[in-house]
Amino acid sequence: MEKSSRGRGLQSIADILQQTLFPEGPTAPTATKPRPHTEPLETSWGPTGRYDFDLAEFPCFHVVKNPDKPLTEPITYTDTINGKDGQAVVRQWKVYPSAAYGFGGQTTQLVLYDLLQLYIEQGCKGNQIQFGTLYNLLQRRGIRTPSTRDYQRLRRDIEILCSCRFHCKNAFWDRERQAYVDMNWQLFNSVFYFKATPDGLQSEMPFGFIEVSSVLQQIARTRGFFTLGFPAPFFYKLKPLEQRLSIYLAKKFMSQSLHQRFVDDLAKALPINPKPPDNVRTILPPAANSLINE
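Numbering (our numbering), first residue to last: 22 to 315.
Pasting the structure below:
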């Protein structure tokens, strides 16, 4: 891991995040160049969707759950960094679920996608994503007459995104301090809703916003968001596993024309957790074939 180009120790969160999330060199998880903020490409459907590079590799929700038992073990992902004297050191990422609601699922994936699109549309400026009302968020995916359950699920998913935590062991080797750095962070902080009366969802006022964490702000400033190559209407019409797989593959095909991975490893990267485990070979092919046929 190269030290800061300013020739001093890491003194700010920006420096730490630059080293932690966007390492350069052959041991980095990816070799894609940073992308500046530009307007999304236009298609006949409208602007193409965009997504964060690192989140596409390391999600914070399960696409397929075990309905018989809540999932409490953290989602884990590993890669390597250059440590002291160039030594290869294993870096481990873990995401821990919300204490109140556990891991997110299919609808959490949609909420994260919607919030990222809003952040990009608003120029990735500041630490707030202005969503107005919950109804505005539901409208983005074509829900015109939401039910009470839709509102409850949306609030739950936002709570999950605000409270799940990322823990990184051996995030990077700080050459100036001669120390390995561990780091804990999250995607979003607080969320604020506004209403005209003390009770009822019908009195929502269009001032709602969610606070972006300093980590996600730094991702937006230094790394940017990559273009998925397909617009939101296409994404919404896909099934949950197809949505997850489309984001994963969009990232991979930025630098590859052929992507190969063992089935079990791909299942962990998405991640899906079928019971029994052998069902992964039954679950994945239909999702892949559906994307091929779109």
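For each residue, glycine too, the CB sits at the ideal point set by N, CA and C.
If you drop the 5 nearest sequence neighbours on each side, which residues of the same chain put their C-beta closer than 7 Å to that of Phe82? As a first step, residue 82 is located in the sequence shown; it is residue number 61 there, counting from the start. Phe124, Gly125, Gly126, Thr129 and Gln130, listed in sequence order.
Pull up the distance between the alpha-carbon of Thr218 and that of Gln151, whole angstroms please. Here residue 218 refers to the residue found at position 197 of the sequence shown. Here residue 151 refers to the residue found at position 130 of the sequence shown. Cα to Cα, the separation comes out at about 21 Å.
So, helix, strand or coil for Val85, using DSSP? Residue numbering aside, residue 85 sits at position 64 when the sequence shown is read from its first letter. Of the three classes helix, strand and coil, the one that applies to Val85 here is strand, per DSSP.
Kindly indicate which residue of His188, Gly163 and Phe215 has the alpha-carbon position closest to the one of Asn205. Here the question's residue 205 lines up with position 184 in the sequence shown. Asn205 has its Cα closest to that of His188, out of His188, Gly163 and Phe215.
How would you write the range of the beta strand (DSSP E) that Ala241 sits in, first residue to last? Looking up residue 241 in the sequence shown gives position 220. Counting along the chain, Ala241 sits inside no beta strand (DSSP E), nor does DSSP assign it H or E at all.
Measure the C-alpha to C-alpha separation of Arg71 and Gln149 and round it to an integer number of angstroms. For the purposes of this step, residue 71 is taken as the residue at position 50 of the sequence shown. For the purposes of this step, residue 149 is taken as the residue at position 128 of the sequence shown. Distance between the alpha carbons of Arg71 and Gln149 is about 18 Å.
Let's see if you can read the secondary structure: which residues bound the alpha helix (DSSP H) around Tyr269? In the sequence shown, counting from the first residue as 1, residue 269 sits at position 248. Segment Pro261 to Lys273, the alpha helix (DSSP H) holding Tyr269.
Which of helix, strand or coil DSSP assigns to Ser184: Within the sequence shown, the letter at position 163 stands for residue 184. When secondary structure is reduced to three states using DSSP, Ser184 falls in the helix class.
For the putative contact between Leu249 and Ile304, defined by C-beta atoms under 8 Å, what is the C-beta separation to the nearest angstrom? Sequence index remark: in the sequence shown, residue 249 carries index 228 (1-based). Sequence index remark: in the sequence shown, residue 304 carries index 283 (1-based). Leu249 to Ile304, Cβ: 22 Å. No contact.
beta-carbon Cys81 near the ligand PLP non-hydrogen atom, thresh 6 Å: Absence of the ligand PLP is noted for the structure shown, with no ligands found whatsoever.
By alpha-carbon positions, which one of Val85, Phe215, Arg186 and Lys105 ends up nearest to Ala120? In the sequence shown, residue 120 corresponds to position 99, counting from 1. Comparing Cα positions, the closest option is Arg186.
Could you give the C-beta distance for Phe209 and Ile231, rounded to a whole number, given that I count them as a contact under 8 Å? Within the sequence shown, residue 209 is the residue found at index 188, counting from 1. Within the sequence shown, residue 231 is the residue found at index 210, counting from 1. Indeed, because the Cβ distance is near 5 Å, the residues count as touching under 8 Å.
Distance, Thr69 Cα to Gly107 Cα: Numbered from 1 along the sequence shown, position 86 holds the residue referred to as residue 107. Numbered from 1 along the sequence shown, position 48 holds the residue referred to as residue 69. Roughly 40 Å between the two C-alpha positions.
What whole-angstrom Cβ distance do Phe79 and Phe247 have, given they're in contact under 8 Å? What you label residue 79 is simply residue 58 of the sequence shown in a count that begins at 1. What you label residue 247 is simply residue 226 of the sequence shown in a count that begins at 1. Contact doesn't hold; Cβ gap of about 15 Å is too wide.
N- and C-terminal bounds of the alpha helix (DSSP H) containing Ser311: Residue 311 sits at position 290 when you count from the first residue of the sequence shown. Looking at the DSSP string, the run of the alpha helix (DSSP H) that includes Ser311 is Val301 to Asn314.
Report the CB separation of Lys115 from Ile102 in whole angstroms; it is logged as a contact under 8 Å. The residue labelled residue 115 in the question sits at position 94 within the sequence shown. The residue labelled residue 102 in the question sits at position 81 within the sequence shown. Actually they do not touch by this definition, with Cβ atoms about 16 Å apart.
Counting only runs that start and end within the segment 104-186, where is the beta strand (DSSP E) found for 3 or more residues in a row? Counting whole runs of 3 or more residues, the segment 104-186 contains the beta strand (DSSP E) stretches 109-117 and 149-153.
Beta-carbon proximity of Pro295 to Val110, cut-off 7 Å: Taking the first residue of the sequence shown as 1, we reach residue 295 at position 274. Taking the first residue of the sequence shown as 1, we reach residue 110 at position 89. No, the Cβ-Cβ distance between Pro295 and Val110 is not below 7 Å.
Is it right to say Glu225 is buried, meaning 16 or more other beta carbons lie within 10 angstroms of its own, or is it exposed? Locating residue 225 in the sequence shown gives position 204, counting from the first residue. Counting every other CB atom within 10 Å of its CB across the protein chains shown gives Glu225 a total of 16 or more, marking it as buried.
Residue burial classification, Phe228 (beta-carbon count within 10 angstroms, cutoff 16): Working through the sequence shown from its first residue, we reach residue 228 at position 207. Exposed, because fewer than 16 other Cβ atoms sit within 10 Å of the Cβ of Phe228.
Does the distance from the C-beta atom of Ala290 to that of Val301 stay below 7 Å? Position 269 of the sequence shown, counted from the start, is the residue given in the question as residue 290. Position 280 of the sequence shown, counted from the start, is the residue given in the question as residue 301. In this structure, Val301 does not lie closer than 7 Å to Ala290 by Cβ.
Asp286 in three-state terms, based on DSSP: Indexing the sequence shown from 1 puts residue 286 at position 265. Looking at Asp286 - three-state DSSP - the assignment turns out to be helix.
Is it right to say Phe274 is buried, meaning 16 or more other beta carbons lie within 10 angstroms of its own, or is it exposed? As a position in the sequence shown, residue 274 is number 253, starting the count at 1. Phe274 counts as exposed, since fewer than 16 other beta carbons sit within 10 angstroms of its beta carbon.
Under a Cβ-count criterion, where at least 16 other Cβ atoms within 10 Å of its own Cβ denotes burial, should Gly245 be classed as buried or exposed? Numbered from its first residue, the sequence shown carries residue 245 at position 224. With 16 or more other Cβ atoms within 10 Å, it is buried.
C-alpha gap between Ala77 and Thr169, whole angstroms: As a first step, residue 77 is located in the sequence shown; it is residue number 56 there, counting from the start. As a first step, residue 169 is located in the sequence shown; it is residue number 148 there, counting from the start. Between Ala77 and Thr169, the C-alpha separation is close to 31 Å.
Hey, how far is the Cα of Pro118 from the Cα of Leu266? Taking the sequence shown and counting its residues from 1, the one referred to as residue 118 is at position 97. Taking the sequence shown and counting its residues from 1, the one referred to as residue 266 is at position 245. When rounded, the separation of the alpha-carbon atoms in Pro118 and Leu266 is 21 Å.
Could you give the C-beta distance for Tyr140 and Val233, rounded to a whole number, given that I count them as a contact under 8 Å? Position 119 of the sequence shown, counted from the first residue, corresponds to residue 140. Position 212 of the sequence shown, counted from the first residue, corresponds to residue 233. In this structure, Tyr140 and Val233 form a Cβ contact; the two beta carbons are roughly 7 Å apart against a cut-off of 8 Å.
Where Leu291 sits in the DSSP three-state scheme: Sequence index remark: in the sequence shown, residue 291 carries index 270 (1-based). In the displayed model, Leu291 falls within coil according to three-state DSSP, outside both helix and strand.
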